[in-house]
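Trainee: Let me begin by handing over the structure; questions about it come next.
In the numbering used here, the protein residues as written are 79 to 170.
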């Protein structure tokens, strides 16, 4: 079964992907709290945690070094994980 893929423009990424929230949440002081660690363990699967490490790096790249490219292709699963990470990090 083929993965469903999305292609997002620069503007769509800025609107739809909470990459700045993910970057600030992951690399901010709240990341090192026990509250975050307990929730992270309870709310994310091992597969999501592994995939999130790549998204953390991408969020850092897009926010602080290179910026968002003109076009980004990702699976629907990855898009949903971006949303889940953004919601999670906004709440800690």
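By construction, the Cβ of each residue, glycine as well, lies at the ideal position given by its N, Cα and C atoms. Since the structure is predicted, the reported quantities are computational estimates derived from the model, not experimental observations.
Rounded to a whole number of angstroms, what is the C-alpha to C-alpha distance between residue 81 and residue 159?
Mentor: CA-to-CA, the gap between residue 81 and residue 159 works out to about 15 Å.
Trainee: Taking the alpha-carbon of residue 146 as reference, which of 83, 84, 90 has the nearest alpha-carbon?
Mentor: 90
Trainee: Around the Cβ of residue 164, are there at least 16 other Cβ atoms within 10 angstroms (buried) or fewer (exposed)?
Mentor: buried
Trainee: In angstroms, rounded to a whole number, what distance separates the CA positions of residue 93 and residue 112?
Mentor: 31 Å
Trainee: From 169, 148, 167, 155, pick the residue whose C-alpha is nearest to that of residue 86; which is it?
Mentor: 148
Trainee: Could you give the distance in angstroms between the alpha-carbon of residue 106 and the alpha-carbon of residue 162?
Mentor: About 18 Å.
Trainee: Identify which residue in 103, 84, 88 has its Cα closest to the Cα of residue 138.
Mentor: 103
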